[in-house]
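Read the structure below first, then the notes.
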Amino acid sequence: TLIFSNPTSFAKLYVLIGGNLNTLTSVWGSPYMPEIQEGDILFLENTEEGADYTERYITWLKLCGVFERLGGLIIGKHRQFDDYGTKMKSYEILLDIIDKANFPILAEFDCGHCVPMLTLPIGMKVELDSDAQTLKIIH
């Protein structure tokens, strides 16, 4: 699902970073957290968490300035997400928190704890084409 497309971010090569939202926020500031460079593509996924944790984790990343540096964002399907009656999906909570994005966002992507599941290679260069809604891994 394409959420937002920024023509200046179309089909550019960036480094892919990210992973489980809970884990990333747990290691933030430690030697195990990869540095987020200007233009990186961040992918986030989570499972069996609710709207409260999603809001907390996304707010933490925003306070750390993560969304100011991104070239794109990929949000994996969130298995067993508890919206606590809000009827909001996890990516809608993210959009509410970050307000305005100047990068393309693809949501409900088949990565993370879902079926089917595409394993994404952290640290590889990727090409995110927001118009075609594709992610190419560049060798």
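Mapping of the sequence shown onto the numbering used here: position 93 corresponds to residue 107, and the numbering continues sequentially without gaps.
Quick reminder that beta carbons are idealized off the backbone N, C-alpha and C, glycines included.
Small disclaimer: the values here were computed from a predicted structure and weren't measured.
Would you mind reading off the limits of the beta strand (DSSP E) that contains residue i?
| i | result |
| --- | --- |
| E122 | I119 to F123 |
So the alpha helix (DSSP H) residue i belongs to, where does it begin and stop?
| i | result |
| --- | --- |
| E69 | A65 to L77 |
| L58 | Looking at the DSSP string, L58 is not in any alpha helix (DSSP H); the run it does join, the beta strand (DSSP E), is I55 to E59. |
| E49 | Per DSSP, E49 belongs to no alpha helix (DSSP H) and is neither H nor E. |
Since residue i and residue j should fall inside the 8 Å C-beta cutoff, what is the C-beta to C-beta distance between them, to a whole number of angstroms?
| i | j | result |
| --- | --- | --- |
| T68 | R93 | Going by Cβ atoms, the distance from T68 to R93 rounds to 13 Å, so no, they are not a contact pair. |
| F123 | G90 | 5 Å |
| Y28 | K114 | Actually they are not in contact, since the Cβ atoms of Y28 and K114 sit about 20 Å apart, beyond 8 Å. |
Beta-carbon within less than 8 Å of residue i's beta-carbon, same chain only, minus the 5 sequence neighbours each way: which residues are those?
| i | result |
| --- | --- |
| I112 | I72, K76 and F81 |
| M102 | A65 and D110 |
| I31 | P48, I50, D54, I55, L56, F57, I136 and G137 |
Measure from the alpha carbon of residue i to the alpha carbon of each residue in the options, then state which is nearest.
| i | options | result |
| --- | --- | --- |
| G85 | G79, M47 and N116 | N116 |
| K34 | G99, E59 and Y46 | It is Asn, not Lys, that sits at residue 34 in the sequence shown. Ranking the options by Cα distance to N34, first place goes to E59. |
| G137 | D97, R70, I151 and L38 | I151 |
| F95 | A65, L30, V41 and L142 | A65 |
| G79 | L149, I50, A121 and V140 | I50 |
| S104 | W42, R70, L30 and Q147 | R70 |
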